[in-house]
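Just below is one structure, and these are the notes that go with it.
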Amino acid sequence: MKRILVLLFALLLALTPAAGAEASLAANVREGVLRFKAAQSGAEDVPDWVSAHLPRTMGQGGEWYAIALSQCGGCDLSACRAALLSYLDSTQVRSATTRQKLALTLLSTGGEAAFVTATLEDSIGKQGLMSWAWGLHLLNNRCTSPAYTADEVVSTLLSLRKADGGWAVTGSASDVDATAMVLQALAPHRDKAEVAAAISEAVALLSARQLADGGYASFGVENAESTAQVIIALCALGIDPMADARFIKEGATLLDVLCQYRLADGSFAHQRGGAYSESATVQAFLAAQAMACLEAGQGGLYLLSMPAPAANVKPHFGYKPIAVGIICGVAVLACALLLLLGKRHPKNFLAVGVLAALLSAIVLLTDFQSAGSYYAPPAPKADAIGQVTLTIRCDKVAGRAAHIPADGVILAKSQWPIAAGDTVYTVLTDAARARAIHMETSGASGLIYINGIGNLYEFDFGDLSGWVYLVNGVSASVGCDQYVLSPGDDVAFHYTLELGRDIP
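If you read the sequence shown in the numbering used here, its first letter stands for residue 566, the second for the next number, and so on.
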């Protein structure tokens, strides 16, 4: 069976529709990333990675690979679906856009009506621009929302355009990444005159924003992810990014530019000449798959050819339902023992029931973590190359709750040693452990996201609230676990109420 799976996967890569050298290069990118991920995880080969290793990363960034692989056809993603259901069963996902992306993943791996329906009831428009765009992706895939129709979401997105014709999460000037991602969602509606006009203007803007070498920059940094997002958008619009003259600069296509960030092992770096970045790698993979979808006439990457719900899939549950089941089982045994011992007074059975209910409530409402392991001081850095400063502040909500410092200072500016390769996330973790500061994160390595610091979480004070970080006073273009620090850097985490617009 394993040999058959290997042959099927090889045929899948070989038979994907291609047109010329550029399509072959895109297939090479996809195959290279898959081989890299297999080697990185210790899998025997790519099919082993898909069936045994990828499911373990559901909810931690692996969902992007699942969505792309679902568009290839021929991949059994039932294990990914079961793993994601297990993750959702044991994890409270607070972010509206994250719930939307996970819902899209469930659709791509076999469908899951209950979670998708619940997500569409309370997520669209709840987290700014991107929650409108990702909500539209779900509606584009024949899902329905009790709150909005697809046409209403389209109208809202058009109303959120900036004066220059693009879109941005914050600020008055449009952003390449945000513009590309909104175009991906609007693409299925381009038969409407007003949408077509907006798309035409935004595509012209993306062409004008292209740098002289054919690449794109975000937050002032030329990077692979922005180029990948533009490729995905153009493919969704039916525009061949490898042939359209508007996007060929000095003879280089967008795929040529993207491959300039490729490393020898098949992975991708955020910046040219940089180290491996999971964010850049997965987005390059998505861009290459978007090209395959364009060649195959499948439409956009996120316009899913949804498979039928998987049959006979063994359910995977988180620890909480299992623990509750054990508690209930023990309660039943206790009642049976009471009967055998002749202690049949109703109060005895009531006491057992109350105790079981109380223990079940504790299990369901509590996430257990060892304080000793979390707050263990970091080991001394014998290989330190210097120091950086770190500040954690929440001035915008200072004193609004008992657990929020009245002066807005969670961690006053202090110095922390760094070793070569240490990131912003490394220093934040070191400080949290050393100073016993609560910190909660999500996402796998390369895609770490800060959910909460000092028991202050994203969305606690509105749909646009959460944590942002600055290095030397400048907002970074990568996640905190991707920003490598240099001696003397000044790092500041701030709690924002407006996606960073209110942070000086």
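From the three backbone atoms N, C-alpha and C, an ideal C-beta is built for every residue, glycine too. Please read all numbers here as calculations on a predicted model, not as lab measurements.
Determine the DSSP secondary structure at residue i, reduced to helix, strand or coil.
{"i": "residue 807", "result": "coil"}
{"i": "residue 664", "result": "helix"}
{"i": "residue 837", "result": "coil"}
{"i": "residue 782", "result": "strand"}
{"i": "residue 713", "result": "coil"}
{"i": "residue 721", "result": "helix"}
{"i": "residue 817", "result": "strand"}
{"i": "residue 1049", "result": "strand"}
{"i": "residue 621", "result": "helix"}
{"i": "residue 595", "result": "helix"}
Thinking residue i and residue j are a contact (beta carbons under 8 Å), I'd like their distance in whole angstroms, please.
{"i": "residue 750", "j": "residue 740", "result": "The Cβ separation is near 15 Å, so there is no contact."}
{"i": "residue 1022", "j": "residue 659", "result": "7 Å"}
{"i": "residue 719", "j": "residue 703", "result": "With a Cβ gap of about 13 Å, residue 719 and residue 703 do not count as contacting."}
{"i": "residue 855", "j": "residue 826", "result": "Incorrect: roughly 17 Å between the Cβ atoms, too far for contact."}
{"i": "residue 869", "j": "residue 696", "result": "At roughly 19 Å, the Cβ-Cβ gap does not stay under 8 Å, so residue 869 and residue 696 are not in contact."}
{"i": "residue 550", "j": "residue 792", "result": "Given that the chain is displayed from residue 566 to residue 1069, the structure contains no residue 550 and the question cannot be resolved."}
{"i": "residue 796", "j": "residue 840", "result": "Contact flag wrong, Cβ pair sits at about 22 Å."}
{"i": "residue 715", "j": "residue 705", "result": "7 Å"}
{"i": "residue 541", "j": "residue 867", "result": "This structure cannot speak to residue 541, because the chain is shown only from 566 to 1069."}
{"i": "residue 731", "j": "residue 767", "result": "5 Å"}
Please list, in chain order, all residues of the same chain as residue i whose beta carbon is under 7 Å from its beta carbon, the five residues on each side excluded.
{"i": "residue 921", "result": "892, 893 and 896"}
{"i": "residue 882", "result": "Confidence in residue 882 is poor, its pLDDT being 44 and thus under 50, which makes the residue's placement unreliable; the coordinate value appears in the next sentence. If we look at residue 882 and ignore the five residues flanking it on each side, its Cβ neighbours are 651 and 654."}
{"i": "residue 773", "result": "none"}
{"i": "residue 923", "result": "none"}
{"i": "residue 662", "result": "692, 695, 696 and 699"}
Taking the alpha helix (DSSP H) that residue i belongs to, which residues open and close that run?
{"i": "residue 636", "result": "628-637"}
{"i": "residue 796", "result": "789-801"}
{"i": "residue 979", "result": "No alpha helix (DSSP H) holds residue 979; the beta strand (DSSP E) holding it covers 974-984."}
{"i": "residue 700", "result": "694-705"}
{"i": "residue 1036", "result": "No alpha helix (DSSP H) holds residue 1036; the beta strand (DSSP E) holding it covers 1031-1036."}
{"i": "residue 990", "result": "989-999"}
{"i": "residue 1041", "result": "Element bounds for residue 1041: n/a, residue is neither H nor E."}
{"i": "residue 658", "result": "Here residue 658 belongs to no alpha helix (DSSP H), and DSSP marks it neither H nor E."}
If you count every other CB in all the chains shown that lies within 10 Å of the CB of residue i, and 16 or more means buried, which is it?
{"i": "residue 1058", "result": "buried"}
{"i": "residue 980", "result": "exposed"}
{"i": "residue 964", "result": "exposed"}
{"i": "residue 784", "result": "exposed"}
{"i": "residue 966", "result": "exposed"}
{"i": "residue 1060", "result": "buried"}
{"i": "residue 666", "result": "buried"}
{"i": "residue 675", "result": "buried"}
{"i": "residue 912", "result": "exposed"}
{"i": "residue 780", "result": "buried"}
{"i": "residue 908", "result": "exposed"}
{"i": "residue 1010", "result": "exposed"}
{"i": "residue 994", "result": "buried"}
Let's see if you can read the secondary structure: which residues bound the beta strand (DSSP E) around residue i?
{"i": "residue 1055", "result": "1055-1061"}
{"i": "residue 1005", "result": "1004-1007"}
{"i": "residue 953", "result": "949-958"}
{"i": "residue 867", "result": "It is not in any beta strand (DSSP E) - residue 867 carries neither H nor E in the DSSP assignment."}
{"i": "residue 1013", "result": "Where residue 1013 is concerned, there is no enclosing beta strand (DSSP E), given that its DSSP letter is neither H nor E."}
Note down, in chain order, each residue of its chain lying with its Cβ closer than 8 Å to the Cβ of residue i, except the 5 sequence neighbours on either side.
{"i": "residue 954", "result": "978, 979, 980, 981, 1054, 1055 and 1056"}
{"i": "residue 1062", "result": "961, 962, 1026, 1027, 1029 and 1030"}
{"i": "residue 949", "result": "982, 983 and 984"}
{"i": "residue 1037", "result": "1054 and 1055"}
Skipping 5 residues on each side, what residues in its chain have a beta carbon closer than 6 Å to that of residue i?
{"i": "residue 831", "result": "597, 598, 600 and 601"}
{"i": "residue 843", "result": "1011 and 1012"}
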